[in-house]
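Protein chains in written order, with the working numbering: chain Y, 7 to 398; chain H, 1179 to 1561. Built from N, CA and C at the ideal position, the CB exists for glycine as well. All remarks here apply to the structure that follows.
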């Protein structure tokens, strides 16, 4: 991995689009993908004719019950007679989509790329959790009938223990993100809640409670990426993709130090190195850490090296990560507030940073001036870290 | 900056590999490829890409199992759900971007583990078509075959000739476990499966893991002189599987577009003259002829060229000198990599019994199989 001064073509995001995030949307997955794509294209002032390549992201095929889901989504994402690839790193897919789109452009082989994340979870019957029964090692783990929330509960408990964080400290993330989402027009789970509400919500797997966790969502999000020459022509305010990073840890989640996401640190180091960022805790102005669970945002803030280990809960309490704070995180509401259609949620996070860096986020705009931003996503068996660094 | 294949490794190429799990097969292939390339995966490889599909694996997020067997733990590793050649395309882009020097690509197939491949194919159909309960989910290939024959004037015998050519050729290839000594009459008289194709015209399944290591020019030259250049690679999707009504029947526009893209990158204008042989898609007999036409290798009609023996191993332009998928088997998402592997071995002079003389440049083409309309084409050469 080299610093990006050697990269052939500079890459910019020039447009973004988003559907509503809801449970049980009536649109088909292809409809959703196209709705987001069309909005992204029109926000960039481009049409499908101007797009050279397509990158699609979607998480397990089993949600839709469609084998080769990338092929199914292709035309909905604008892939008529165009090069299409589908990216799949579990929950980390959403941020991997712009990362893969980055090298489509940086290689000089595509001038414009439409990057689409789509997920329709709610038509898994009776519940999308059923899909997660099939993600385990078929011989060692699947016979035990584990559930995804169980292992995240282990991770949350471990984080609380090692960092001496209380349930109250962690619940503040949910309060912040759901409050931030009140200003988001696509939000599914925006709410004005208190720490008490979180602590009194239904216990799913201790210590994970209903309000600690993001909802089941349907939705799509899309970005238009372009080379520098195209970007300069279509917009005055391109947002540059300065660095990408991705890492997969091994399959054996039970052998891992659950208190700290080392895979994310490695991915972040890769992205920061490319972007020439040496002190992320100082240089990053706004962040969208992946927050399917409230503890996960803190976990990821530390993994992204935006706070020292175990320091995030303390800073959160001081308002450091609020929209008016020194390093706003999930200013749009994140997955806890806006919703979690897996691959679309990651793309939504990058889209949110795109709007923040262009000062187009409206009521969600953070108070401080912003130049550099980072988003991450996380997936598989607590093993995937994907990172994108943006700047103006 | 040029991109080269610096190492290849494989394990399997048998209808069933009972001795190893799919992860162990991936490991065996990876170790062989890194040894072949002379790289240390933990130190020299910048990124790892795996090409796989969940439903073939029987795991809802099969990406989880990618990093360990290929040395990608805590390194940049990711999955593309596509044919192995699409992963090579990603690696090509990554290296061309200047940010990566060495990228390892992996694809594997263990169809012998799959109890009901037909049902999995059924899941890849458009949900609206699926409700029609069509008993053979590969029917779209039959429709394309009929439309191709009607358009081009190719007869049943021409299709059967492809099967005979490839199945017999495979007898010389140690990796071709579906090869057979067949005559035209045996193919035509065998059991019909999808009209108009008989059982010998549809490739069987094969277990394999294949690993390919790609590197930038300066790294490739430093590693030795075994490298084979990827001069161009491109892919295209004509329509999604949910929009088959828009497919141009009897044609494969995705293959044509992919070929145009790859030829442009490689500076190829007349592929029949500027390349020496090709390994193309032939999981169905008609697909070899259709692919050749879309690749610009069909001259005045691929079936007439076939009839004249032009595509035979000793002919003017050998096609599938390895025996193709018809004798090596369909290796799910590793099918494209099998074709690439055969070309790399040919260009390095390591193809054993199927070695051609004096070959320098080749076309590799793969299609993702029904019901998709996605194809990938590469132009590969040696110094």
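Name the residues in the stretch 164-196 of chain Y whose C-beta lies less than 7 angstroms from a C-beta of chain A; which are they? The chain inventory of the structure shown lacks chain A, comprising the protein chains Y and H.
Below 8 angstroms on the Cβ atoms is my contact criterion, and I expect residue 159 of chain Y with residue 213 of chain Y to pass it. Report the Cβ-Cβ distance as a whole number of Å. As a first step, residue 159 of chain Y is located in the first chain; it is residue number 153 there, counting from the start. As a first step, residue 213 of chain Y is located in the first chain; it is residue number 207 there, counting from the start. With 8 angstroms as the limit, residue 159 of chain Y and residue 213 of chain Y qualify as a contact, their Cβ atoms being about 6 angstroms apart.
Integer Cβ distance of residue 1283 of chain H from residue 1392 of chain H, believed to fall under 8 angstroms: Counting from one through the second chain, the residue named residue 1283 of chain H turns up at place 105. Counting from one through the second chain, the residue named residue 1392 of chain H turns up at place 214. Indeed they touch by this definition, with Cβ atoms about 7 angstroms apart.
Status (buried if at least 16 other CB within 10 Å, exposed otherwise) for residue 1315 of chain H: Position 137 of the second chain, counted from the start, is the residue given in the question as residue 1315 of chain H. The residue in question, residue 1315 of chain H, is buried, as its Cβ has 16 or more Cβ neighbours within 10 Å.
Please classify residue 1206 of chain H as buried or exposed, where buried requires at least 16 neighbouring CB atoms within 10 angstroms. Your numbering for residue 1206 of chain H matches position 28 in the second chain. Under this definition residue 1206 of chain H is a buried residue.
Whole alpha helix (DSSP H) runs in the stretch 77-164 of chain Y with 4 or more residues, listed along the chain? 99-112
Answer with buried or exposed for residue 1294 of chain H, where buried requires no fewer than 16 other C-beta atoms within 10 angstroms of its C-beta. Residue 1294 of chain H sits at position 116 when you count from the first residue of the second chain. Residue 1294 of chain H is exposed by the Cβ-count criterion.
Run through the DSSP bridge pairs and tell me what residue 299 of chain Y is partnered with. For this step, residue 299 of chain Y is matched to residue 293 along the first chain. Bridge partners of residue 299 of chain Y: Y:219.
Nonlocal neighbours in the same chain, by C-beta distance under 8 angstroms from residue 1298 of chain H, ignoring five residues either side: Here the question's residue 1298 of chain H lines up with position 120 in the second chain. Hits under 8 angstroms: 1233, 1234, 1292.
Kindly say whether residue 1274 of chain H, judged by its beta-carbon, lies nearer than 8 angstroms to any beta-carbon of chain Y. Indexing the second chain from 1 puts residue 1274 of chain H at position 96. Judged by the 8 angstroms Cβ criterion, residue 1274 of chain H is in contact with chain Y.
Looking at C-alpha atoms only, which residue of H:1533, H:1486, H:1445, H:1478 is the closest neighbour of residue 1556 of chain H? For the purposes of this step, residue 1556 of chain H is taken as residue 378 along the second chain, with counting starting at 1. Checked all of H:1533, H:1486, H:1445, H:1478; the closest Cα to residue 1556 of chain H is H:1445.
Contact criterion: CB-CB distance below 8 angstroms. Does residue 80 of chain Y meet it with respect to chain H? Position 74 of the first chain, counted from the first residue, corresponds to residue 80 of chain Y. Answer yes: the Cβ-Cβ gap between residue 80 of chain Y and chain H drops below 8 angstroms somewhere.
Pairing CB atoms from the stretch 284-295 of chain Y with CB atoms from the stretch 368-388 of chain Y, are three or more of them under 8 angstroms? yes
Looking only at its chain, what residues have a beta carbon closer than 7 angstroms to the beta carbon of residue 1204 of chain H, apart from the 5 residues adjacent to it on each side? In the second chain, residue 1204 of chain H corresponds to position 26, counting from 1. 1247, 1248, 1284, 1286, 1387, listed in sequence order.
Does any CB atom of chain H fall closer than 8 angstroms to the CB of residue 131 of chain Y? If you number the first chain from 1, residue 131 of chain Y lands on position 125. For residue 131 of chain Y, the answer is no, since every Cβ of chain H falls outside 8 angstroms of its Cβ.
Quick one: residues in its chain with C-beta nearer than 7 angstroms to the C-beta of residue 137 of chain Y, no 5 flanking neighbours on either side, listed in chain order? For the purposes of this step, residue 137 of chain Y is taken as residue 131 along the first chain, with counting starting at 1. Within the same chain, residue 137 of chain Y has close Cβ partners 66, 68, 69, 130.
Chain H residues whose Cβ lies nearer than 7 angstroms to that of residue 68 of chain Y: For the purposes of this step, residue 68 of chain Y is identified with residue 62 of the first chain, where counting begins at 1. By Cβ distance, chain H contributes 1232, 1238.
Count the other CB atoms within 10 Å of the CB of residue 135 of chain Y; is the residue buried (16 or more) or exposed (fewer)? One-based indexing of the first chain puts residue 135 of chain Y at position 129. It counts as exposed.
Indicate the three-state DSSP secondary structure (helix, strand or coil) for residue 260 of chain Y in the structure shown. Translated into the one-based positions of the first chain, residue 260 of chain Y becomes position 254. It is helical.
So residue 343 of chain Y packs on residue 196 of chain Y, CB below 8 angstroms; how close in whole Å? Reading the first chain from its first residue, position 337 is the one you call residue 343 of chain Y. Reading the first chain from its first residue, position 190 is the one you call residue 196 of chain Y. Correct: roughly 5 angstroms between the Cβ atoms.
In this structure, does DSSP put residue 1458 of chain H in helix, strand or coil? For the purposes of this step, residue 1458 of chain H is identified with residue 280 of the second chain, where counting begins at 1. Three-state result, residue 1458 of chain H: coil.
Relative to the alpha-carbon of residue 124 of chain Y, which residue among Y:207, Y:226, Y:111, Y:183 has its alpha-carbon at the smallest distance? Residue 124 of chain Y sits at position 118 when you count from the first residue of the first chain. When each option's Cα is compared against that of residue 124 of chain Y, the closest is Y:226.
Length of the line joining the Cα atoms of residue 55 of chain Y and residue 94 of chain Y: Taking the first residue of the first chain as position 1, residue 55 of chain Y is located at position 49. Taking the first residue of the first chain as position 1, residue 94 of chain Y is located at position 88. About 26 angstroms.
Assess, as a yes-or-no matter, whether the stretch 1416-1427 of chain H is touched by the stretch 1536-1556 of chain H under the definition of 3 or more beta carbon pairs within less than 8 angstroms. yes
Can you check whether the C-beta of residue 1255 of chain H is within less than 8 angstroms of a C-beta belonging to chain Y? Within the second chain, numbered from 1, the residue matching residue 1255 of chain H stands at position 77. Yes - at least one Cβ of chain Y is within 8 angstroms of the one on residue 1255 of chain H.
So, for residue 237 of chain Y: in the same chain, excluding its five sequence neighbours on each side, which residues have a beta-carbon less than 6 angstroms away from its beta-carbon? Walking along the first chain from the start, residue 237 of chain Y turns up at place 231. Only 18, 20, 244 meet the Cβ criterion.
Thinking C-alpha only, which one of H:1184, H:1558, H:1500, H:1512 is nearest residue 1345 of chain H? What you label residue 1345 of chain H is simply residue 167 of the second chain in a count that begins at 1. The residue with the shortest Cα to Cα distance from residue 1345 of chain H is H:1500.
What's the gap between the Cα of residue 338 of chain Y and the Cα of residue 257 of chain Y? As a position in the first chain, residue 338 of chain Y is number 332, starting the count at 1. As a position in the first chain, residue 257 of chain Y is number 251, starting the count at 1. Near 32 angstroms, if we compare the C-alpha coordinates of residue 257 of chain Y and residue 338 of chain Y.
Between residue 118 of chain Y and chain H, is the shortest Cβ-Cβ distance under 8 angstroms, so that the two count as touching? Here the question's residue 118 of chain Y lines up with position 112 in the first chain. No, its Cβ sits nowhere closer than 8 angstroms to a Cβ of chain H.
Exposure of residue 1497 of chain H, with buried meaning 16 or more beta-carbon neighbours within 10 Å: Locating residue 1497 of chain H in the second chain gives position 319, counting from the first residue. Flag for residue 1497 of chain H reads buried.
Considering residue 1385 of chain H, what are the terminal residues of the beta strand (DSSP E) in which it resides? Residue numbering aside, residue 1385 of chain H sits at position 207 when the second chain is read from its first letter. Taken as a continuous stretch (DSSP letters only), the beta strand (DSSP E) holding residue 1385 of chain H covers 1385-1394.
Buried or exposed for residue 306 of chain Y, please, with buried defined as at least 16 other CB atoms from any protein chain shown within 10 angstroms of its CB. Taking the first residue of the first chain as position 1, residue 306 of chain Y is located at position 300. By the 10 Å Cβ count, residue 306 of chain Y comes out buried.
Considering only residues of the stretch 268-334 of chain Y, which uninterrupted alpha helix (DSSP H) runs meet the minimum length of 4 residues and lie entirely inside it, listed in chain order? 268-281, 286-289, 300-309, 318-323
Roughly how far, in whole angstroms, is the beta-carbon of residue 128 of chain Y from the beta-carbon of residue 29 of chain Y, given that I think they are within contact range, below 8 angstroms? Taking the first residue of the first chain as 1, we reach residue 128 of chain Y at position 122. Taking the first residue of the first chain as 1, we reach residue 29 of chain Y at position 23. So it is a contact: roughly 5 angstroms between Cβ atoms.
Can you check whether the CB of residue 1334 of chain H is closer than 8 angstroms to the CB of residue 1366 of chain H? Position 188 of the second chain, counted from the first residue, corresponds to residue 1366 of chain H. Position 156 of the second chain, counted from the first residue, corresponds to residue 1334 of chain H. Yes; because the gap between Cβ atoms is below 8 angstroms, this pair is in contact.
Run through chain Y and tell me which residues come within less than 9 angstroms of residue 1301 of chain H, C-beta to C-beta. Looking up residue 1301 of chain H in the second chain gives position 123. Those are 67, 71, 72, 73, 74, listed as they occur along chain Y.
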